[in-house]
Amino acid sequence: MLRRAVSSRFLAEWERQEGVILAFPEEQTDWQPYLDEARQCVVNIATAIGRFEKVYLLCRDTSECASHFETLDNITFIEARYDDTWMRDCMALSCQEDNQQVYKGFEFTGWGGKFDAHRDNALNKYLADLGIFKPYRAVDYILEGGAIESDGKGTILTTASCLLNPNRNEKHDQKSVEQVLKQELGAKRVLWLFHGHLMGDDTDGHIDTLARLCDAHTIAYVGLPPEDDEHYETFVAMEQELKAFRDFEGNPYKLIPLPFVPAMYHDGERLPATYANFLIINGAVLVPTYGVATDAKALELLADVFPKHQVIGIDCQVLIKQHGSLHCMTMQLSKV
179 MLRRAVSSRF LAEWERQEGV ILAFPEEQTD WQPYLDEARQ CVVNIATAIG RFEKVYLLCR
239 DTSECASHFE TLDNITFIEA RYDDTWMRDC MALSCQEDNQ QVYKGFEFTG WGGKFDAHRD
299 NALNKYLADL GIFKPYRAVD YILEGGAIES DGKGTILTTA SCLLNPNRNE KHDQKSVEQV
359 LKQELGAKRV LWLFHGHLMG DDTDGHIDTL ARLCDAHTIA YVGLPPEDDE HYETFVAMEQ
419 ELKAFRDFEG NPYKLIPLPF VPAMYHDGER LPATYANFLI INGAVLVPTY GVATDAKALE
479 LLADVFPKHQ VIGIDCQVLI KQHGSLHCMT MQLSKV
């Protein structure tokens, strides 16, 4: 029997949202050396989101977690077990099939087997059983939310360094990856970046650290560093790729170069700090800041890009110590 053709669509981040999922940093994890600071950062993110929409906060102990908040407005605590707090990459994706909501849970392997992720990989079914992801469908394919951007109209923006990496889906070439994106996420076309990578990035070059769709015609991206910076050549090449892209109507994108964050280090390692790791929610855009001079310019540029949103800076200096930032910590539940 032939399978009926299904009209699929991966919802854009700027579409209407029900809420955002976060996870509270716990002891006995890599957050332990600066646990209080990390927890306060998550409290700040959750409180800011809660002004606009619901927060689903995973935690080990509800009462202990709630004690860190001055207000519990719009926050639902969910007791769960997890390996880490990077919800962007292990949570189900908000999709539409034949005009109906569906959450699709892909396999998560700790960014190509770099870290243990068996608890994180079990979260989608757990949340589906609780009714958070409803309806829910599991997809037997490795894919992280931070690796793909959608304009909601059939365009997927991604990086070759991640999606074509054999540590994700062995023996999958560009054509077969695009076929999965077409079948599961309704991709009509895939825009591939072959350049651009931040030192210290464990994800093999997630798109949400490099270039972000702000609407169907606009891309904000990591601008050029100083010429003597080790990143310079690859970001010059990435910028040229972006200039060659066309939107779904065939026009050049409006490109917004964000400041390149000055070099930051922790324990002798360069950190992948980036302003591209912002989060779009209902009525606001949350932007990571790093306590450096370029923060103000990044907020100013994004305020121009999102004139109908409040642009809110969140100090993420502690998050970047673990090589991630604000968008990496969150996953929105967009609604059809």
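Quick note: the sequence shown uses the working numbering, first residue 179, plus one each step.
Positions of the beta carbon are idealized from the N, C-alpha and C atoms, including for glycine.
Looking only at its chain, what residues have a beta carbon closer than 7 Å to the beta carbon of residue i, apart from the 5 residues adjacent to it on each side?
{"i": "T396", "result": "Y431, K432, I434 and V483"}
{"i": "A476", "result": "L436, P437, Y453 and V465"}
{"i": "E478", "result": "none"}
{"i": "H444", "result": "K499"}
Tell me whether residue i counts as near the ligand SAM, meaning its Cβ is closer than 8 Å to at least one heavy atom of that ligand.
{"i": "G290", "result": "Absence of the ligand SAM is noted for the structure shown, with no ligands found whatsoever."}
Taking 9 Å as the cut-off, decide whether the C-beta atoms of residue i and residue j are in contact.
{"i": "N302", "j": "A325", "result": "no"}
{"i": "Q500", "j": "D208", "result": "yes"}
{"i": "A389", "j": "L371", "result": "yes"}
{"i": "G374", "j": "V358", "result": "no"}
{"i": "L220", "j": "T287", "result": "Looking at the sequence provided, one finds Val at residue 220 rather than Leu. For V220 and T287, no; Cβs fall outside 9 Å."}
{"i": "D386", "j": "R266", "result": "yes"}
{"i": "S272", "j": "S512", "result": "yes"}
{"i": "E322", "j": "L391", "result": "no"}
{"i": "D172", "j": "A394", "result": "This structure cannot speak to residue 172, because the chain is shown only from 179 to 514."}
{"i": "E231", "j": "N460", "result": "yes"}
{"i": "Q274", "j": "G364", "result": "yes"}
{"i": "D382", "j": "T337", "result": "yes"}
Take residue i and list the residues in its own chain whose beta-carbon comes closer than 6 Å to its own, dropping the five residues that flank it on each side.
{"i": "F311", "result": "A270, Y281 and L305"}
{"i": "G378", "result": "E447, R448, L449, P450 and H501"}
{"i": "I458", "result": "E191 and W192"}
{"i": "E356", "result": "V368"}
{"i": "A415", "result": "H373"}
{"i": "S503", "result": "N455, P466, C494 and L497"}
{"i": "V470", "result": "P440"}
{"i": "M179", "result": "The predicted model places M179 with a pLDDT of 48, which falls under 50 and marks its position as unreliable, so this point remains unresolved."}
{"i": "W289", "result": "D380 and T381"}
Please report the Cβ distance between residue i and residue j, rounded to the nearest whole angstrom; I am assuming they are in contact, meaning their Cβ atoms lie under 8 Å.
{"i": "L480", "j": "V463", "result": "6 Å"}
{"i": "E285", "j": "D318", "result": "7 Å"}
{"i": "M507", "j": "I227", "result": "The Cβ separation is near 11 Å, so there is no contact."}
Tell me which residues share the same chain as residue i and place their Cβ nearer than 8 Å to its Cβ, disregarding the 5 neighbours each side in the sequence.
{"i": "Y468", "result": "V439, M442, A451, D493, C494, Q495 and I498"}
{"i": "Q278", "result": "P313 and V514"}
{"i": "L402", "result": "Y410, F413, V414, E417, P435 and F438"}
{"i": "N429", "result": "H395"}
- Item | Inter-stretch contact (C-beta, 8 Å, three-pair minimum) for the segment 199-212 and the segment 470-490 | no
- Task: For the segment 184-195 and the segment 236-252, state whether three or more C-beta atom pairs, one from each stretch, are separated by less than 8 Å.
- Result: no
- Per the contact definition of three or more C-beta pairs closer than 8 Å, is the segment 328-337 in contact with the segment 282-300? No, the segment 282-300 is not in contact with the segment 328-337.
- Message: Under 8 Å, with one C-beta from each stretch per pair, do the segment 339-359 and the segment 400-419 reach the 3-pair mark?
- Response: no
- Query: Hey, is the segment 254-262 in contact with the segment 231-238, meaning 3+ C-beta pairs nearer than 8 Å?
  - Reply: Result yes; three or more Cβ-Cβ pairs closer than 8 Å.
- Item | Minimum length 3: unbroken beta strand (DSSP E) runs contained in the segment 273-324 | 278-285 and 314-320
- Task: Would you mind listing the alpha helix (DSSP H) stretches within the segment 395-420 that are 4+ residues and don't spill past its ends, in chain order?
- Result: none
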